[in-house]
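Undergrad:
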Amino acid sequence: MHVEGLSINLATVRAQCGFAEAVEICLKHGITAIAPWRDQVAATGLEEAARIVSANGLKLTGLCRGGFFPAVEAAGREKALDDNRRAIDEAATLGADCLVLVVGGLPGASKDIDGARRMVEEGIAALLPHARAAGVPLAIEPLHPMYAADRACVNTLRQALDMCEALGPGVGVAIDVYHVWWDPDLANQIARAGAMKAIFAHHICDWLAPTRDMLTDRGMMGDGVIDLKGIRHRIEAAGFHGAQEVEIFSAENWWKRPADEVITTCVERYRSCC
2 MHVEGLSINL ATVRAQCGFA EAVEICLKHG ITAIAPWRDQ VAATGLEEAA
52 RIVSANGLKL TGLCRGGFFP AVEAAGREKA LDDNRRAIDE AATLGADCLV
102 LVVGGLPGAS KDIDGARRMV EEGIAALLPH ARAAGVPLAI EPLHPMYAAD
152 RACVNTLRQA LDMCEALGPG VGVAIDVYHV WWDPDLANQI ARAGAMKAIF
202 AHHICDWLAP TRDMLTDRGM MGDGVIDLKG IRHRIEAAGF HGAQEVEIFS
252 AENWWKRPAD EVITTCVERY RSCC
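This is the structure:
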């Protein structure tokens, strides 16, 4: 039976299996939408991954990830741009809906977060001609403020949308509930994103209380404190009706379970909690 409206970000089973096996398990459960990571694609080979996608009629709700623009030296920033151009080409080959951008944090020993954000905006601006020519939308993913120093200096949906407005067509946002659920301005910014037609992806999991690890202790939907149905309602009211993409990093729980069990649970919780 086809599971409509559900995508699996393959990070959810990255510890258990590679690209081809993950696809096989998703198809077994009636899931035809996925979002792979670049290292998973590289391990399989880009051409083979594209063949698997085409042969199975898969929809890619995104490719993870581009970004990490700030660097101390200009050469480092240019190196990042080169890698992002390759990521855009990979997304185009795979037919991904968007390239997700985790924008990067403070370079070196810098304490200048405003400067880092300028580097991010300048980096995306430099990428845009290539992305537009390739037909690949760029989705800025604001990350929770706990990642501001090392992973993403864009931390609210408002900040991401301000960049989208400044940059113009071809740039939008990936709304990951794990990163934005706490934001008191979230409802207003989702509505704003909808008016801008800037919602390119909707990622789901849950926030555990307490959280034992800043990166690898995400919860399965329904196990935490996020109002998943409420956020989904707002996103759909804003005009986005794409698949909800499950993305769970869970070193001590879900990555230790059989992949089939994880995907089975994703389907059950998607139907009951989302």
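Quick note: the sequence shown uses my numbering, first residue 2, plus one each step.
Cβ coordinates follow ideal geometry from the N, Cα and C atoms, glycine included.
Taking the alpha carbon of Asp261 as the point to measure from, which residue in Thr13, Ile205 and Gly223 has its own alpha carbon closest?
TA: Thr13
Undergrad: I want to know whether the segment 5 to 12 touches the segment 243 to 251 - three or more CB-CB distances under 8 Å.
TA: yes
Undergrad: Under three-state DSSP, which class holds Ala140?
TA: strand
Undergrad: Do the CB positions of Ile264 and Leu229 come within less than 8 Å of each other?
TA: no
Undergrad: Are the beta-carbon atoms of Leu139 and Val172 separated by less than 8 Å?
TA: yes
Undergrad: Which residue marks the beginning of the beta strand (DSSP E) containing Arg66, and which one marks its end?
TA: Here the beta strand (DSSP E) through Arg66 covers Leu64 to Gly68.
Undergrad: Keeping to the same chain, check which residues put their C-beta closer than 6 Å to that of Ala153; ignore five residues upstream and five downstream.
TA: Taken in chain order, the residues that qualify are Val103, Val104 and Leu144.
Undergrad: Between the Cα of Lys29 and those of Leu7, Cys65 and His3, spot the shortest distance and give me the residue it belongs to.
TA: His3
Undergrad: Using a threshold of 8 Å, state whether the C-beta atoms of Ala92 and Leu64 are closer than that.
TA: yes
Undergrad: Is the beta carbon of Phe201 closer than 8 Å to that of Ala239?
TA: no
Undergrad: Please return the same chain residues whose Cβ sits closer than 8 Å to the Cβ of Gly1, not counting the five positions on each side in sequence.
TA: The chain is shown only over 2 to 275; residue 1 falls outside these bounds and no answer can be derived.
Undergrad: Can we say the segment 41 to 58 touches the segment 67 to 79, given the rule of at least three CB pairs closer than 8 Å?
TA: no
Undergrad: Under 8 Å by Cβ, that's how I've got Asp98 and Leu129 pegged, so tell me the actual separation to the nearest angstrom.
TA: The Cβ separation is near 17 Å, so there is no contact.
Undergrad: Can you tell me whether His203 is helix, strand or coil according to DSSP?
TA: strand
Undergrad: Using a Cβ-Cβ cutoff of less than 8 Å, which residues in the same chain neighbour Glu253 once the five nearest sequence positions on both sides are dropped?
TA: Scanning its chain for C-beta atoms nearer than 8 Å, with the 5 sequence neighbours on each side dropped, one finds around Glu253 the residues Arg213, Asp214, Thr217 and Asp218, in chain order.
Undergrad: Quick check on the burial criterion: 16 or more other C-beta atoms within 10 angstroms. Buried or exposed for Gly124?
TA: buried
Undergrad: Going by the beta-carbon positions, is the gap between Gly243 and His203 smaller than 8 Å?
TA: yes
Undergrad: Decide if Glu142 is buried, meaning its Cβ has at least 16 other Cβ atoms within 10 Å, or exposed.
TA: buried
Undergrad: Measuring CB to CB, does Gly106 end up less than 8 Å from Ala88?
TA: no
Undergrad: Is the CB-CB distance between Trp256 and Gln17 below 8 Å?
TA: yes
Undergrad: Which residues in the same chain as Asp151 place their Cβ atom closer than 6 Å to its Cβ, once the five residues preceding and following it in sequence are excluded?
TA: Gly106
Undergrad: Mind listing, in chain order, the continuous alpha helix (DSSP H) runs of no fewer than 4 residues lying wholly within the segment 190 to 249?
TA: 229 to 238
Undergrad: Kindly indicate which three-state DSSP category Trp182 falls into: helix, strand or coil?
TA: coil
Undergrad: Less than 8 Å between the beta carbons of Met222 and Tyr271, yes or no?
TA: yes
Undergrad: Cutting at 7 Å between CB atoms, please list the residues of its own chain near Ala72, excluding the five before and the five after it.
TA: Arg78, Ala81 and Pro108
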